[in-house]
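*Asks:* Here it is: the structure, laid out below.
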Amino acid sequence: MLSVRVSVSKKSVRPGESVTATARVKAAAATARETLLSVNAADVTVKPGSVALGEVGAAGRTARVTVRVPADAGPGTVKLTAKVTAAKAKPVSRTFTFTVVEAPSSGGGSGSGAGSGTSLPTAAVPQVAPLTNSSFQSVPAIRAPQVALPPVSAPQTAPSPEPVTPVAGLRAVPDDGWDTGDLAALQAGWLAALTSTGAIVFVRVRVARRRRDVRRARHLYAGKRLTAARLRTLPPQLSGRVRRRAFSG
Numbered sequence: 386m387l388s389v390r391v392s393v394s395k396k397s398v399r400p401g402e403s404v405t406a407t408a409r410v411k412a413a414a415a416t417a418r419e420t421l422l423s424v425n426a427a428d429v430t431v432k433p434g435s436v437a438l439g440e441v442g443a444a445g446r447t448a449r450v451t452v453r454v455p456a457d458a459g460p461g462t463v464k465l466t467a468k469v470t471a472a473k474a475k476p477v478s479r480t481f482t483f484t485v486v487e488a489p490s491s492g493g494g495s496g497s498g499a500g501s502g503t504s505l506p507t508a509a510v511p512q513v514a515p516l517t518n519s520s521f522q523s524v525p526a527i528r529a530p531q532v533a534l535p536p537v538s539a540p541q542t543a544p545s546p547e548p549v550t551p552v553a554g555l556r557a558v559p560d561d562g563w564d565t566g567d568l569a570a571l572q573a574g575w576l577a578a579l580t581s582t583g584a585i586v587f588v589r590v591r592v593a594r595r596r597r598d599v600r601r602a603r604h605l606y607a608g609k610r611l612t613a614a615r616l617r618t619l620p621p622q623l624s625g626r627v628r629r630r631a632f633s634g
């Protein structure tokens, strides 16, 4: 698929001047072969009228032609057509325009030269009365109001910040050793534990003896009611060592 873009060096020219037209041709789908660019228009001269571009791909190729406007051309718009053809491709065309402006007249230059070389006679120049006379009163001068502007002081910079000094809180570390109060508390706790243990052992022994006396009293007073008096009258029980000697002897 062919595409063409055209731009001109200037949009307006005068009769007898030239303008350069630049055409950019590209082929999108595949490479175009035997590509030819032709530019034509009425009442102007285009050189060269056609440009052979050969093979054109996606990168494109550029061609330039010069369009000359005749010296006797009148003002108006010139319309040009750029056409691109290639083998096995559909031709494309693009229309572009530029404007022909009217040339400046030559009378202005001669009049300016005559004015600079000759001078008019004094009689032809009308006499103008002076603008001021004795009856004219001048306008008093107007004084501008005095405005007091605020004083402008020199720019001041902020003082540099003071250096930051690290502050550390120090305190005495307690000694890890044992003092008298700690030792007394430990001893009191140990004695309390020992006393509690002894009391528990004593109570257990008393309970065990009480149960043993009850069993002896039931054995001795079989069929009788056990009372506190009878329990107190129980004969003392020999220790195991004495009983073994009595039975052995």
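In this note's numbering, the protein residues as written are 386 to 634.
Even for Gly, the Cβ is constructed at its ideal location relative to N, Cα and C.
1. Which residues in the same chain as Ala426 place their Cβ atom closer than 8 Å to its Cβ, once the five residues preceding and following it in sequence are excluded?
2. Run the CB neighbour count on Thr580, radius 10 Å, all protein chains shown included, and call it buried at 16 or more, exposed below.
3. Could you tell me which residues DSSP puts in a beta bridge with Gly442?
4. Between Thr336 and Ser397, is the Cβ-Cβ spacing less than 8 Å?
5. List the residues that DSSP assigns as beta-bridge partners of Lys468.
6. Between the Cα of Leu438 and the Cα atoms of Arg449, Leu422, Lys432, which residue gives the shortest distance?
7. Report the three-state DSSP secondary structure of Ser501 (helix, strand or coil).
8. In terms of alpha-carbon separation, which member of Ala412, Asp457, Asp598 lies closest to Ala444?
9. How is the beta strand (DSSP E) around Lys432 delimited, first residue to last?
10. Indicate whether Ala456 and Ala417 have their beta-carbon atoms separated by less than 8 Å.
11. Are the CB atoms of Val454 and Glu402 nearer to each other than 8 Å?
12. Consult DSSP for Thr405 and reduce its assignment to one of helix, strand or coil.
13. Report the residue from Thr430, Ala474, Val429, Val393 whose alpha carbon sits nearest the alpha carbon of Ala448.
14. Which residue wins for smallest C-alpha separation from Asp428, given the options Val436, Thr405, Thr407, Pro400?
*Replies:* Based on what the coordinates show:
1. Position 41 of the sequence shown, counted from the first residue, corresponds to residue 426. Around Ala426: Val452, Val463, Lys464, Leu465, Thr466.
2. As a first step, residue 580 must be located in the sequence shown, where it is residue number 195. Exposed is the call here.
3. As a working mapping, residue 442 is identified with position 57 in the sequence shown. In DSSP, Gly442 forms no bridge with anything.
4. This structure cannot speak to residue 336, because the chain is shown only from 386 to 634.
5. Numbered from its first residue, the sequence shown carries residue 468 at position 83. Bridge partners of Lys468 according to DSSP: Ser423, Ser478.
6. Position 53 of the sequence shown, counting from 1, holds the residue named residue 438. Relative to Leu438, the option among Arg449, Leu422, Lys432 whose CA is nearest is Leu422.
7. Position 116 of the sequence shown, counted from the first residue, corresponds to residue 501. Any reading at Ser501 must be qualified, since the residue scores a pLDDT of 45, below 50, and its modelled position is unreliable; no value is offered.
8. Taking the first residue of the sequence shown as position 1, residue 444 is located at position 59. Nearest Cα to Ala444 within the set Ala412, Asp457, Asp598: Ala412.
9. In the sequence shown, the residue the question calls residue 432 occupies position 47. Unbroken beta strand (DSSP E) run through Lys432: 430 to 432.
10. Locating residue 456 in the sequence shown gives position 71, where the first residue counts as 1. Locating residue 417 in the sequence shown gives position 32, where the first residue counts as 1. In this structure, Ala456 keeps its C-beta atom at 8 Å or more from the C-beta atom of Ala417.
11. As a first step, residue 454 is located in the sequence shown; it is residue number 69 there, counting from the start. As a first step, residue 402 is located in the sequence shown; it is residue number 17 there, counting from the start. A contact, by the Cβ cut-off of 8 Å.
12. The count along the sequence shown starts at 1 and reaches residue 405 at position 20. In the structure shown, the three-state DSSP call for Thr405 is strand.
13. Here residue 448 corresponds to residue number 63 of the sequence shown, with the count starting at 1. Minimum Cα distance to Ala448 is reached at Val393.
14. Taking the sequence shown and counting its residues from 1, the one referred to as residue 428 is at position 43. Closest by alpha carbon: Pro400.
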